[in-house]
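K.L.:
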Amino acid sequence: MNGIKFNDENKIKQEMEFIKNLINVAAGRKKANLVIKNANIVNVLTEEIYKGDIAIFRDRIAGIGNYEGTKELNANGLYAVPGLIDGHTHIEMSMLSITEFARIVVPKGTTSVVEDPHEIANVLGKDGIKVLLEEAKTTPLKVFCMIPSCVPSSPLETSGAVIDAGEVKELLKIDGVIGLAEVMNFPGVINKDEEVIKKIIHAKNHPIDGHAPLLSSKDLNAYVSAGIGSDHESIDYKEALEKLRLGMRVMIREGSVARNLVNLIKIAGNRYTILVTDGDRTVKDLIEQGYLDYVYRRAVEEGVDPIKALQMCTINTAEWFGIDAGLIAPGRFADVVLLNNLEKFEVKNVIANGRIVGEIMRKYV
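Take a look at the structure:
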């Protein structure tokens, strides 16, 4: 799943033609649009590093091996890793538009984000979400949107909008919307609030993120039993371990203010752990330190194996959200980062959606 929904015969025909061409490139019957030659490919699934070419057709990887392309980029032994995926963010917290945000983070290696537009939705509701997604389409950054589950956050405050269960159902039909964002009203879940449960029911068969600080024991069991599959609020090892034991994906947050990585380092590397920023990165830190690449480096500095750290920024995230990314393999989005140094994540080049980012970023300056 990648957020694309085919609603008419014309779209199906277009996708049919695309897949046929992709197969031809993969089989060597047709030249690729772009081939990354002589790369040291980091496979985050098998935890191997091996030499090869990466053939790309449009925005997808067609094949790995020995390929020719109408355009070729010689990696000369650089490490090729999947584009990083931030599994939980609020772009608006950076005080930047998506265009400006993308201009900073994509050249640093983050090619996808899972966005909870909670702040935007509290002011503009579903119309704000639609505007966000439209702007995202004009950038090299892929924005996968989760529907804010608590708009307004509280019935006691003044809000610009309300997103009820009916609107959750309608928003899930929009291209780019992939699930239900952090269910902050955990008391409502535990106490069987019907409006909260309706939202969860509408989002069944989609990822449903949690928000359950310090929740434990039978209350945590009740929360998870409703269908909520992740949490980013753990602040110590014991809390995170309990959530892992119940099958939750544990998102390890490391931002400019909220920093939980050191306390949760013992669980890092588990395939159910995901590194995130939670949108908590100031513009100064984004520019000077980085974005998700910074969180990756911090994990490595704390002793996490580089490939394990990559898994938590790529394949682990992609698997939870059902995104066709996070792995350099046929059929996946052609998001590849070329690195001089794996441990330090020194970026030499970025390919996003099959295009060399350095060649297309001028329009964002």
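Per my numbering, residue 25 is the first one in the sequence shown, and the count goes up by one each step. Glycine included, C-beta positions come from ideal geometry on N, C-alpha and C.
1) Near glycine 279, which residues of its chain fall below 6 angstroms by C-beta distance, leaving aside the five closest residues on each side in sequence?
2) Please identify the residue among Val207, Lys161, His226 and Ile43 whose C-alpha is closest to the C-alpha of valine 192.
3) In three-state DSSP terms, what is glutamate 383?
4) Residue ranges of each alpha helix (DSSP H) run of no fewer than 4 residues wholly in the segment 214-296, ordered along the chain?
5) Leaving out five residues before and five after glycine 101 in sequence, what residues of the same chain have Cβ atoms less than 7 angstroms from its Cβ?
6) Compare the Cα-Cα distances from glutamate 194 to each of Val167, Pro231, Lys154 and Thr162 and report the closest residue.
7) Would you report the Cα separation of threonine 123 and glutamate 41, rounded to the nearest angstrom?
8) Work out the CA separation of alanine 99 and arginine 84 for me, nearest whole Å.
9) Starting from aspartate 309, follow the alpha helix (DSSP H) in both directions and report where the run begins and ends.
10) For cysteine 174, list the residues DSSP reports as bridge partners.
11) Check whether the Cβ atoms of tyrosine 296 and valine 274 lie closer than 8 angstroms to each other.
12) Leucine 196 by DSSP, collapsed to three states: which one?
13) Taking all protein chains shown into account, do 16 or more other C-beta atoms lie within 10 angstroms of the C-beta of glycine 190, making it buried, or fewer, making it exposed?
14) Excluding the 5 residues flanking valine 389 on each side, which residues of the same chain have their C-beta closer than 7 angstroms to its C-beta?
15) Tell me where the beta strand (DSSP E) around proline 330 begins and ends.
16) Would you mind working out which of Gly212, Lys75, Phe168 and Ile298 sits nearest proline 179, comparing C-alpha positions?
17) Using only the alpha-carbon positions, how far apart do leucine 58 and glycine 87 sit?
18) Please classify serine 241 as buried or exposed, where buried requires at least 16 other C-beta atoms within 10 Å of its C-beta.
19) Just the Cα atoms here: how many angstroms apart are glutamate 206 and glycine 234?
20) Under the DSSP definition of a beta bridge, which residues are partnered with threonine 134?
21) Identify whether asparagine 34 lies in helix, strand or coil by the three-state DSSP scheme.
22) Quick check on DSSP: helix, strand or coil for leucine 316?
23) Three Cβ pairs or more, each shorter than 8 angstroms: is that satisfied between the segment 361-377 and the segment 309-328?
24) Can you tell me which of the three DSSP states phenylalanine 345 falls into?
25) Apply the 10 Å Cβ neighbour rule to methionine 336 and answer buried if 16 or more other Cβ atoms are within range, or exposed otherwise.
26) May I ask you to report which of helix, strand or coil DSSP gives phenylalanine 42?
27) Determine the burial state of methionine 170: buried for a count of at least 16 other Cβ atoms within 10 Å of its Cβ, exposed for fewer.
28) When the Cα atoms are used, what is the spatial distance from methionine 25 to aspartate 348?
29) Once the 5 residues before and after isoleucine 198 are set aside, which same chain residues still bring their CB inside 6 angstroms of it?
30) Would you give the residue range spanned by the beta strand (DSSP E) that lysine 61 belongs to?
P.N.:
Let's see:
1) Thr301, Asp302, Asp304 and Arg305
2) His226
3) helix
4) 218-226, 241-249 and 261-269
5) Asn62 and Asn64
6) Lys154
7) 31 angstroms
8) 18 angstroms
9) 307-312
10) DSSP output for cysteine 174 lists no bridge partner at all.
11) yes
12) coil
13) exposed
14) For valine 389, the predicted structure reports a pLDDT of 43, less than 50, and the residue's modelled location is therefore unreliable. The matter cannot be settled from this model.
15) Premise fails: proline 330 lies in the alpha helix (DSSP H), 330-337, not in any beta strand (DSSP E).
16) Gly212
17) 11 angstroms
18) exposed
19) 4 angstroms
20) Leu108
21) helix
22) helix
23) yes
24) helix
25) buried
26) helix
27) buried
28) Caution applies to methionine 25, whose pLDDT of 46 falls short of 50 and renders its modelled position unreliable; the value that the coordinates give is listed next. Cα-Cα distance, rounded: 7 angstroms.
29) none
30) 58-67
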